[in-house]
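Residue numbers (full-length UniProt numbering): 1 to 390. Note that CB positions come from ideal geometry on N, CA and C, so glycine has one too. Just so it is clear, the structure is predicted and the values come from calculations on it, not from any experiment. Beneath this line is the structure, given in structure tokens, with notes to follow.
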């Protein structure tokens, strides 16, 4: 797959690495760092104690005692991602320590300035996003062990105990299950350009299988996340300060700007996976959903966002399949679209579980774990334009 520079097709690993993707981990950050350099010990100390500090209402006072640290000692993408993870979690804890009724209007300078600088370096907004919460927030307990939930832990946690741990790690497993589908994208585009129907068929089969595996991984949310804990404890710490009645004026980042800024909270719609699959398959959503999804792209690492844009510039898979006389190709394409319908249906079942909906705060913004693309619209496309039958 090319990155829009007109060069010849590259091997798969090179094609993915252009967009900071991995053949083994997809959009996940491979083997993230778990410790920052010594000068940033004060950040790490607070981050390690976040659940206890928040529960005892001591986090804000600890943040006020933090030294003003320069970001100049951070080296490389991995250190920047860990710094963003640490500062984003501290920020969410600081803001929501006292609940929706006890928010603050100003993020202190010694937290706001380095958070802003690290965010600028990575091209991410200064708020907790999916890139922090999941992509960069994992480690193996046994470094040589498998990528199974029993051998994984988040690097940083907020209140929520085992349910938060499960929420992060099941989402990690969904990202991991998507990897074969991510690899199928450049394979499919290359096959279209080379008019290689057999390779294209194999790529679509791989994509459909990967989406099915994502659904199976997502089902494990029922086993690891208590809905009552999610909505009573976890949900608020993923909330942002854009279109949120609890913070109608946004947040002032002291030392960065005197004007308040507004950012959306963490959301599954910030994951690049379904954006990429939708783009490849030519899936189109309602105007409202499209606007929301495009806004969520601003919360992705820029190389991942560029990956979606590159897919959009590639030859149309849907048109290629529609023009093809290969019935197997059309069937494989339809299986991919149907798999997306099933995945989003699974997601809807999880987030609309009666226990969950009754526990939801009336002021909760459409944030955490919101994919932004209704199942009904996808079903319509499967039955109409998404279904390549003739």
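In chain order, what residues of the same chain have a beta carbon less than 6 Å from the beta carbon of residue i, not counting five sequence neighbours either side?
{"i": "residue 117", "result": "71"}
{"i": "residue 226", "result": "163"}
{"i": "residue 20", "result": "303"}
{"i": "residue 96", "result": "236, 237"}
{"i": "residue 218", "result": "174, 346"}
{"i": "residue 128", "result": "88, 92, 266"}
{"i": "residue 208", "result": "335, 336, 339"}
{"i": "residue 78", "result": "33"}
{"i": "residue 315", "result": "192"}
{"i": "residue 172", "result": "134, 138"}
{"i": "residue 247", "result": "103, 241"}
{"i": "residue 149", "result": "169"}
{"i": "residue 332", "result": "201, 204, 205"}
{"i": "residue 54", "result": "93, 97, 159"}
{"i": "residue 167", "result": "225"}
{"i": "residue 112", "result": "253, 254, 255, 256"}
{"i": "residue 361", "result": "Since pLDDT at residue 361 reaches only 46, below the 50 mark, its modelled position is unreliable, and no value is offered."}
{"i": "residue 260", "result": "249, 250, 251, 252"}
{"i": "residue 145", "result": "151"}
Output the boundary residues of the alpha helix (DSSP H) element that contains residue i.
{"i": "residue 60", "result": "59 to 64"}
{"i": "residue 334", "result": "327 to 351"}
{"i": "residue 125", "result": "Counting along the chain, residue 125 falls outside any alpha helix (DSSP H), and DSSP gives it neither H nor E."}
{"i": "residue 202", "result": "197 to 219"}
{"i": "residue 285", "result": "Element bounds for residue 285: n/a, residue is neither H nor E."}
{"i": "residue 242", "result": "It is not in any alpha helix (DSSP H) - residue 242 carries neither H nor E in the DSSP assignment."}
{"i": "residue 46", "result": "41 to 48"}
{"i": "residue 191", "result": "179 to 193"}
{"i": "residue 310", "result": "302 to 313"}
{"i": "residue 399", "result": "The shown model of the chain, from 1 to 390, leaves out residue 399, and the question about it has no answer."}
{"i": "residue 319", "result": "317 to 323"}
{"i": "residue 15", "result": "12 to 17"}
Taking the alpha-carbon of residue i as reference, which of the options has the nearest alpha-carbon?
{"i": "residue 327", "options": "201, 15, 170, 303", "result": "201"}
{"i": "residue 143", "options": "34, 285, 295", "result": "34"}
{"i": "residue 325", "options": "62, 292, 198", "result": "198"}
{"i": "residue 110", "options": "103, 305, 62, 213", "result": "62"}
{"i": "residue 125", "options": "106, 330, 333, 296", "result": "296"}
{"i": "residue 206", "options": "221, 194, 187", "result": "187"}
{"i": "residue 51", "options": "317, 230, 160, 242", "result": "160"}
{"i": "residue 212", "options": "167, 194, 180, 38", "result": "180"}
{"i": "residue 136", "options": "301, 341, 332", "result": "301"}
{"i": "residue 254", "options": "154, 341, 169, 105", "result": "105"}
{"i": "residue 28", "options": "329, 221, 216, 131", "result": "131"}
{"i": "residue 350", "options": "230, 293, 329", "result": "230"}
{"i": "residue 221", "options": "313, 319, 348, 299", "result": "348"}
{"i": "residue 257", "options": "98, 107, 321, 317", "result": "107"}
{"i": "residue 122", "options": "342, 309, 298, 343", "result": "298"}
{"i": "residue 317", "options": "195, 101, 67, 45", "result": "195"}
{"i": "residue 57", "options": "313, 99, 319", "result": "99"}
{"i": "residue 234", "options": "270, 165, 176, 49", "result": "165"}
{"i": "residue 30", "options": "120, 147, 45", "result": "147"}
{"i": "residue 305", "options": "66, 223, 270", "result": "270"}
With which residues is residue i paired in a DSSP beta bridge?
{"i": "residue 261", "result": "251"}
{"i": "residue 152", "result": "140"}
{"i": "residue 26", "result": "22"}
{"i": "residue 107", "result": "253"}
Skipping 5 residues on each side, what residues in its chain have a beta carbon closer than 7 Å to that of residue i?
{"i": "residue 23", "result": "12, 13, 16, 183"}
{"i": "residue 287", "result": "none"}
{"i": "residue 47", "result": "86, 89, 90, 156"}
{"i": "residue 178", "result": "26, 210, 214, 273"}
{"i": "residue 307", "result": "19, 21, 272, 276"}
{"i": "residue 60", "result": "94, 97"}
{"i": "residue 291", "result": "none"}
{"i": "residue 64", "result": "108"}
How close, in whole Å, do the beta carbons of residue i and residue j come, if the pair is a contact with beta carbons under 8 Å?
{"i": "residue 42", "j": "residue 80", "result": "Not really, about 18 Å apart at Cβ, beyond 8 Å."}
{"i": "residue 140", "j": "residue 152", "result": "6 Å"}
{"i": "residue 321", "j": "residue 329", "result": "6 Å"}
Can you find the residues in the same chain that come closer than 8 Å, C-beta to C-beta, to residue i, ignoring five residues on each side of it along the sequence?
{"i": "residue 83", "result": "36, 40, 43, 71, 74, 114, 118"}
{"i": "residue 311", "result": "185, 189, 276, 279, 280"}
So, does the CB of residue i fall closer than 8 Å to a CB anywhere in chain D?
{"i": "residue 110", "result": "Here there is only one protein chain, and chain D is not present."}
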